[in-house]
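Below is one structure, written out as structure tokens, with a few remarks after it.
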Amino acid sequence: MSVDGFLIINKPMGYTSHQVVVEIRKILHERRVGHTGTLDPMATGVLVIAVGSSTRLISFLNEEKKLYRAKLVLGLTTDTQDLTGRVLSAKPETAVDPGIIRAALSRFSGEQEQIPPMYSAIKVQGQPLYKLARAGK
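Residue numbers (this note's numbering): 1 to 137.
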């Protein structure tokens, strides 16, 4: 019996998108399982999983817009640009005017061109950047 359709997974922190796919393959005994977009291992959130013949629709879903929500730690700098890295500098917490934050965030509304950090799940020559960065490449 074939299983076809989509699963909406709330990916927990610490898992790669691929690890989630592997677990679903085991649970459903289905080889054709894929996700519609990689989340970094430290990211949490919605991971859309296609199963069976639905995997053919992944390319269409990837064309849709995405919305991201983030929690920030202001004043902390790490070598990985996330909380897993070595702290390079830390400033004491201070009260920040919410109006200043709103004004700064308004510049990020709409489409944004990004340069991904070295410690991200984006693949280069089949390897996630975070693995290459940890290997010093």
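Beta carbons: idealized from backbone N, C-alpha and C, even for Gly.
**Message:** Run through the DSSP bridge pairs and tell me what Ser89 is partnered with.
**Reply:** Within the sequence shown, the letter at position 89 stands for residue 89. According to DSSP, which records beta bridges pairwise, Ser89 is partnered with Thr77.
**Request:** Mind the definition here: the region 80-90 touches the region 102-122 only if three or more C-beta pairs lie below 8 Å; say whether that holds.
**Result:** Three or more beta-carbon pairs separated by less than 8 Å link the region 80-90 to the region 102-122, which places the two stretches in contact.
**Asked** DSSP beta-bridge partners for Pro128?
**Response** The residue labelled residue 128 in the question sits at position 128 within the sequence shown. In the DSSP output, where bridge partners are listed per residue, Pro128 has Lys123.
**Asked** With DSSP run on the structure shown, which of helix, strand or coil describes Val22?
**Response** Counting from one through the sequence shown, the residue named residue 22 turns up at place 22. Val22 falls in the helix class under three-state DSSP.
**Request:** Identify, in the order they occur along the chain, each residue of the same chain with its Cβ nearer than 7 Å to the Cβ of Ile58, setting aside the five sequence neighbours on each side.
**Result:** Counting from one through the sequence shown, the residue named residue 58 turns up at place 58. Hits under 7 Å: Gly34, Thr36 and Ala50.
**Message:** Less than 9 Å between the C-beta atoms of Ile9 and Ile27, yes or no?
**Reply:** Counting from 1 along the sequence shown, the entry for residue 9 is found at position 9. Counting from 1 along the sequence shown, the entry for residue 27 is found at position 27. The answer is no: Cβ separation not under 9 Å.
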